[in-house]
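Novice: Residue 703 in our numbering sits at position 669 of the sequence shown, and the numbers go up by one each step. Backbone N, C-alpha and C fix where the C-beta goes; we use that ideal spot for every residue, glycine too.
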Amino acid sequence: MCDTFYVTPASELEKLEDWKNPLAFQTAHHHENLNVPDSVEVEWRLRDRMKTVSVALVMCLHIGVDPPDVTKTSPCSKLECWIDPFSMTPRRALETIAAELQRQYERWQSKARYKSSLDPTQEDIKKLCMTLRRNAREERILFHYNGHGVPRPTANGEIWVFNKNFTQYIPLSLYDLQKWMSSPSIYVFDCSHAGVVLNLFVKFAEQIDKELEEARRNLAQTSFPSSSTNVHPAAQIPPLLPTSSPIHDILLGACSENELLPMNPELPADLFTSCLTTPIRIALRWYVLQKNISRLNPNIDQEMIDKIPGTVTDRKSMLGELNWIFTAVTDTIAWNSLPKDTFQRLFRQDLLVASLFRNFLLAERIMRSYGCHVCSRPTLPPMFEHRLWNAWDMALDLCLKQLPSVLKQTESGIREPVYEPSSFFADQLTAFSVWLGENSLLTTTVEKEQLKQPEQLPIVLQVLLSQSHRQRALDLLARFLDIGTWAVHLALSVGIFPYVLRLLQATSDDLRPYLVFIWAKILAVDRACQIDIIREKGHEYFISTLTDARSSNGVRALAAFNLTCLVDNYTKGQDELLPVMSRVLDILNTPTTYFHETSALFLWSTLFLGQAWRLNANACEKAVLIRAPDTLQSLLTTHDTPEVRAACAYALGTYLSSSTSGNELSERRSEQSKEAAIALIRCLHDGSPLVRQEVLVALHHFLNLFPQTTTTTTTTTTTTTTTTTATTNTSGTNITITEAIQTVASSDPSYEMVQLSEKILTNLQQPISTTFFHWCCSRFRVSNTITRDLGSGITQQRGASYIEDENDFFARSNRYWRNHCIRSNPSRLADFQHMRETIFNNRISNATPLVLRLHPYENYLVVANSSGNLNFYEFDGSPRSKSILKVGSIGSTINTLDFINAHDRTLICVGTDTSAIRIFDESTQRLISSWIALYDQYTHIHSSHHHHRSISNPTSTSQAKFVVDWNQQLCRIYTSSSNIDYISLWDVERERRLYTMDTGTSGGVYCLVSDSNGYCAAGMGDGTVRCFDTRSRENPIGISPSPTPLNRHSSIITLKSDINNRLLSISNMGQLRRWDTETGISAELPVPQTSQHISAADIHSTGNVLSLATANALQFKTCFGDLLFDIKNSKFAQTSCLSFHQYRPLLAVGFKDGSLSMFNGKTNSSTV
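1. When the distance is taken between beta carbons, is SER791 closer than 9 Å to ILE775?
2. I'd like to confirm the pairing. Which residues does DSSP put opposite GLU871 in its beta bridges?
3. Hey, could you find the ends of the alpha helix (DSSP H) ALA512 is sitting in?
4. Find the nearest neighbour of MET417 within the set LEU538, GLU705 and ARG402, judged by alpha-carbon distance.
5. What does the alpha-carbon distance come out to for the pair ALA1130 and ASN55?
6. Do ASN652 and the ligand ZN come close, with the Cβ less than 8 Å from some heavy atom?
7. Kindly indicate which residue of LYS161, PHE933 and HIS734 has the alpha-carbon position closest to the one of ALA58.
8. Compare the Cα-Cα distances from TRP1109 to each of PHE1154, ALA1145 and ILE1071 and report the closest residue.
9. Report the option in GLY1184, PHE1159 and ARG1178 whose CA atom is closest to the CA atom of ALA1167.
10. Near PRO451, which residues of its chain fall below 7 Å by C-beta distance, leaving aside the five closest residues on each side in sequence?
11. Where do the N-terminal and C-terminal ends of the alpha helix (DSSP H) with TRP1205 fall, by residue?
12. What number of angstroms, rounded off, separates the C-alpha of ASN190 from the C-alpha of TRP142?
13. For VAL452, name the three-state secondary structure that DSSP assigns.
14. Buried or exposed, going by whether 16 or more other CB atoms sit within 10 Å of the CB of ILE928?
15. Would you mind reading off the limits of the alpha helix (DSSP H) that contains VAL322?
16. In the DSSP output, what is ASN899 paired with across the bridge?
17. Using the Cβ count rule (16 or more neighbours within 10 Å means buried), how would you classify SER700?
18. Indicate whether the contact test is met: 3 or more Cβ pairs, each with one atom in the segment 408 to 426 and one in the segment 370 to 380, closer than 8 Å.
19. Nearest-angstrom Cα distance between MET1192 and LEU895?
20. In terms of alpha-carbon separation, which member of LYS213, SER456 and GLY1038 lies closest to LYS350?
21. Work out the CA separation of TYR1040 and LYS995 for me, nearest whole Å.
22. Leaving aside the five residues before and after ASP427 along the sequence, list all residues of the same chain whose C-beta is less than 6 Å from its C-beta, in chain order.
23. Please name the residue in THR796, THR307 and GLU300 whose C-alpha comes closest to that of ASP335.
24. Taking all protein chains shown into account, do 16 or more other C-beta atoms lie within 10 angstroms of the C-beta of PRO259, making it buried, or fewer, making it exposed?
25. Beta-carbon within less than 6 Å of GLU51's beta-carbon, same chain only, minus the 5 sequence neighbours each way: which residues are those?
26. Taking three-plus beta-carbon pairs below 8 Å as touching, is the segment 306 to 320 in contact with the segment 383 to 398?
27. Alpha carbon to alpha carbon, what distance is there between LEU592 and LYS1204?
28. For TRP358 and LEU611, I'd like the C-alpha separation in whole angstroms.
29. Any idea if THR748 is buried or exposed, counting beta-carbon neighbours within 10 angstroms, 16 or more meaning buried?
30. Do you know offhand how far LEU1106's Cα is from PRO1179's?
31. According to DSSP, is ALA936 helix, strand or coil?
32. When DSSP labels each residue in this structure, what does ILE327 get in the three-state scheme?
33. Thinking C-alpha only, which one of ILE924, TYR907, LEU246 and GLY911 is nearest ILE918?
34. Determine, using beta-carbon pairs with one atom in the segment 1155 to 1174 and one in the segment 874 to 886, whether at least three such pairs fall under 8 Å.
35. Looking at the unbroken alpha helix (DSSP H) that takes in ASP955, where does it start and where does it end?
36. If we count the other Cβ atoms within 10 Å of its Cβ and call it buried at 16 or more, is CYS682 buried or exposed?
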C-alpha cells in the first residue's frame, strides 16, 4: 500500500497570517558585526601604465628577387599591405607599401613616432633603433619586421638584412637588436620560421639581463672622486642603465619554427600583418573563401565585400558595427581565457598592444587554417576554438546576407543605406541577464568564491558605448555589481572605470538611477576613485542628482553616499564640495511624513556633513554660519530612524573633533559646541546602543576640546572677564558630562557602552572612535542592498535591512504552517480536567526560578533564575543543547521574560529591576539590543513579571518590580514599575520612547497588557485598572475614568479574548474582577474568597482557565471563578512563579528550592 502525501500549495502558504506579523529587531545593525575594516584591498589599477610612442617599420622585401631558400608556388600570393608590388617600379612600390603600413598602424596608434627602414643595412637598423630609444626613453617601442624578401632566420638567432649594394644578405643578431632596442619593446616578426626567433630571443634576453645586473653591481661598488678633486662635475654622474629587462619584452610571430608562410594567391603575402592591422578586411575575405561552411547568401564574392559601406570608426555604419562586434568578441575571448594579470598587461596596459593582441587572436584562427601556428611571448593558450567565434561568424553571415541590398542602395546614390543592425549585443545582454538570474541570489561567501565569472562582462562594457543599448546594459551592470565586492573587483579589472567615468558627463535623466548606484558600489570598494571623479568634475553629476526633487529618495540617497565618499579623508574633495553643505542642510530641514522613505537620504546627507567638516576648519566655520549643528541636534532627538540619529551624533562628534583646542574657536562656534554637548547628554538614554555609542564618542571629543581647568585667573578687564565666564560655563558642562558618563558606566546594559565609558573616565586623552561610518559604507559592499523596479530604476535602499544568509522561504513557510496548525486547535476547558498529571518534577538548579515562559510554538521553556541566568529545557525536562544564557545583569534581578518574533526566529526579551531591557537572539545567544526603559531613575527596582500569562507577587513591598508588556503586532514595549505612577511606551522599530502615560495614582503599576488595536491597560497597586488609547503618536488618551480606589491589593490582569474586550484581574488575595474598558467600572465575581496569600497566578489564553498558587494547594478555576479542582500539597507554599502555555493545556510551576514541575491536561502525557 502506497502512502499518500499532500503538499500545501505555495499560494495557500502565502496567505498565512504570520506573513502579516511584523518582525522586530531585524535591521542590519542588530545582526551584523559592526567592526568592519575601513576598506578592502582592490588591485585593479595598472601599476605601470605604458604607451607605445615609437614604431620602427623594417621592410626587407627586395621586390623582384626571391630569397634563395624559398621556392614559391605559381601562382603565388603577392599583395603587401593590400598593394600589388608589381604594379609599379620596385622602389616606388616599397615606399608605397611602407606608407600604407604606417597608415594601417596609425589606425590603432595615431600619435606614435613612425620611422621606416626600407631594405636596410645593419647600420641602418642600429641607427634607427638607438634613435627611437633615445626619444622614447622609458616608453615602449614597436619593431615590425617584414622578412618576405630575405632568407628565413638562422638557427643561431639571426635575421637578415642587406649590404649597401644589395649584393649580399647580411645576418643581424637578435642579441645586437635587443641591445639597440633596449626595453620595453614589442616585436612583430612576419617571416617564415618566426618561431626560431622567439625561442632564441629568450636566451639572449637572459644573457643581457645578467650583464645588466653585473653592470649595476659594478656601478654600485665604484667609488667616484670626491668633490675636493679637480674633476668636472659631469664626470661624477654615473652612466644611465636600462631600468627594465628584455625578458619582459613582447613578441608576435607569424608561424612556428620549420613552418613557411602561406602562398595562397587568394590571400595577401603579408597575411599575418593583415590580421594585425586590417582585421575586418581580412576576416571578411577569409570568411568568403571558406568552402566548407554554409552561408545565408552564398553569392557574396570578394569584390562585394570590398564595397561594404562605412568606416571602422563609425559604429552606426555596417563596417563600423562589424569592427565593434569584433572588438567585443576578441576582448571577451581573451578575458575568459587568460590569467587576470596577463590580460591586464596585454589588453589594458597599452592601447596599441591591446589592439595587436585582439587582432592576434584572429591571426591564430586564420593562420591555423593554412597550416601555420602563430606564436607569441608571453605564450598564450589556444583560443581559436572559443565558442564566441561562432557568434562572430553568425554576425558576419547576417551582415553579408544584407550586402546585395545595401550595395544597390549605395549604387543608387543613397549615402546612408538602410540595413538591419546586428542582434549580437542584444543577444549577449540576454545571456548576461540569464547568468544574473541564476547567480545574483547567491549571498554566502563560499558561494561567491565558487562563482564562475560571467562570460559576457566585457561585452557589457562595449555596449555602454551604444545609446540604443546603454540603459539596459547599465541596468544589468548595476545588478551584477550588487552581488558584492567580488563582482565590483571583476568589473574594475575588466575595464569598467573609464566607461562609467565618461558617462558622468551624460545628461539623460533615465540613466541617473543606474549610474549613481554603479558609482556607489565602486566607491564603497575603492575610495581612491574620488581623485579621478573630482578631477573630471564628476561630482557635479551627483550634486545635480541629490538636489533634483524629481528623483526618488532612494536615488538621491545614493548620490549623497557618493558625495560622502568624495569628501572622506580627501581635502580637495572637501574644498570642492564646500558649497554643497547648505543644499544638504536644506534637505535635512525638509519635513517628512514617512520616515522610511527618507531614512537613507537623511542618513547619507548627515554623514556627508560629518565627513565634509572632519578636520577642516573652513568647513566648520561655514557650518556655524548656516547653523548646521542646530539641525543635527534637532534630528538627534526627534528622528525615528536609529541609524540617522547615530549619524547625527557621529557628525556632531567630527564637528567637535575638528579642532585641537577650544581656545582656537570663534565665540559663536564655541557656544554651538556647548549647545551640542547638552543635546548629546540628553541622548545618552536613547533606545539604540548604536546611537548611544556615537553620543558617548562625541562627548569625549567635547571633553578633549574643552579640558576642565583646576585654576582660574581673575582680572578686571572686560575681555578677560568674558573669557573667565565662558570657562566657568564650560567647566559646568564638563562636570555634567562626566557625571553622565559615570552613570553610563554603572548602569548601561550594553557591555560595549560600559567598556567605552570606562575608557573615557580612565584616560581622557586616549583616542576613542567607533566603526559606525565604516560599517555604513560597508553596506554597499554586500549583496542585495537595494530593491529595484525596472520601470523606475532604483526605488528604495535596503542597506539598513538585515538579510539572512539562507534562502529560507520554505523554512519560514514551514514554521508559519506549524504555527497555523497550533492556533487552529487551541485548548478548551475540557482539556484541563486531567491537569493533575505531571510530565516531570525535577530539581533543576540551586537558584530560585523567578520567571518562566513556555514557547507558544516550539517544545521548550525558558526559566530566569535568581543567579541572573536563563535556562532552557525541553518539555520533558531535559536541558536543551544551549541550555544556559548568561544575561550579564550583575547586581540586579530578572523581573520579566518574553518571546519576541515567536512565530519566526525567536528573540528573548529580558527585563531586570534596574529598568534595563536586553534582547537576545535565542539561536546564537547574542545580545542584539539593550537600553534603560525608565531612564528618569537609575535606582534598583523590585522583581516583576510579564503580562497576563504569569504573576509573581511577593508579600513584601520593600522592593519595586519592573513591569514589561511586549506587543508583537505593533512592535511596541510598554514599561513601568511598582514604585512609579507612569507608563513608558517604546517603539522598537524606531528604538525610541514615544511618550509616557500618567496613571493618576500613586499606587504603582504591577502589571501591563495591550492589544493589537493600540489599547493598553495597567493593573495598579490600589486595585484599580487604568486604560489608555495609544494609537496617537503624540499623546495617549485615557479611555476610562478614574474609579474609586478599592481595598488595597496588587492586581494582575489579562485581556479575555472575544468577550467584549473586557479585562479579568486577580488580586494577591485571589479576588477576581471583570473590568469594562469603556467605563472603568468593575464587577467582583461572586466566588468564594480565600484569606490565603496568592504567591503566583496565570490565566490561559484560550481555555477559560486560571491557576492560583496558595499556601497549600494549586487551584484551577474557570474565568467565572468556579473551582474546577485543586492539587493539595504544602510545597505550593514555596511557589515562586507559574505560567500557562499560550495554546496547549500545559502549566509550568517554579519553586523557591530550584525545582520545576510541568503539568499536562491531556490524559496521554507522552504525546506532548
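Specialist: Taking the geometry as given:
1. Yes, the Cβ-Cβ distance between ILE775 and SER791 is below 9 Å.
2. Note: GLU871 sits in a beta bridge opposite ASN1194.
3. From DSSP, the alpha helix (DSSP H) with ALA512 extends over 501 to 515.
4. Out of LEU538, GLU705 and ARG402, ARG402 has the C-alpha closest to the C-alpha of MET417.
5. One Cα belongs to ALA1130, the other to ASN55, and the distance between them is close to 31 Å.
6. In terms of ligand content, the structure shown is empty, and the ligand ZN therefore cannot be addressed.
7. Checked all of LYS161, PHE933 and HIS734; the closest Cα to ALA58 is PHE933.
8. Of the residues PHE1154, ALA1145 and ILE1071, the one whose Cα lies closest to the Cα of TRP1109 is PHE1154.
9. Nearest of GLY1184, PHE1159 and ARG1178 to ALA1167, Cα basis: GLY1184.
10. So the qualifying residues of the chain are PRO343, VAL440, GLN443 and THR444.
11. Nothing in the structure corresponds to residue 1205, since the chain is present only between 35 and 1202.
12. Near 34 Å, if we compare the C-alpha coordinates of TRP142 and ASN190.
13. Coil.
14. By the Cβ neighbour-count rule, ILE928 is buried, with 16 or more other Cβ atoms within 10 Å of its own.
15. Segment 313 to 323, the alpha helix (DSSP H) holding VAL322.
16. According to DSSP, ASN899 bridges with PRO883.
17. Per the 10 Å Cβ criterion, exposed.
18. Yes, since at least three Cβ pairs between the segment 408 to 426 and the segment 370 to 380 fall closer than 8 Å, the two stretches touch.
19. Taking the straight line from one Cα to the other gives about 10 Å.
20. Comparing Cα positions, the closest option is SER456.
21. So the two alpha carbons sit approximately 7 Å from each other.
22. Closer than 6 Å at Cβ, skipping near neighbours: no residue.
23. Its Cα nearest to that of ASP335, the residue GLU300 stands out among THR796, THR307 and GLU300.
24. Its pLDDT being 48, under 50, PRO259 is placed unreliably in this model, and the value from its coordinates should be taken loosely. Exposed: under 16 other Cβ atoms inside 10 Å.
25. Result list for GLU51: empty, nothing under 6 Å.
26. Touching, yes.
27. Because the chain here runs from 35 to 1202, residue 1204 falls outside it and cannot be looked at.
28. The straight-line gap from Cα to Cα measures roughly 39 Å.
29. At THR748 the pLDDT is 39, less than 50, meaning the model places this residue with poor confidence and gives no usable figure here.
30. Straight across, the Cα-Cα distance linking LEU1106 with PRO1179 is about 22 Å.
31. DSSP places ALA936 in the coil class of the three-state scheme, outside both helix and strand.
32. Coil, per DSSP.
33. That would be TYR907, whose Cα lies nearest to the Cα of ILE918.
34. Judged by Cβ distances under 8 Å, the segment 1155 to 1174 makes contact with the segment 874 to 886, as three or more pairs qualify.
35. Careful: ASP955 lies outside any alpha helix (DSSP H), inside the beta strand (DSSP E) at 950 to 955.
36. It is buried - the Cβ of CYS682 has at least 16 other Cβ atoms within 10 Å.
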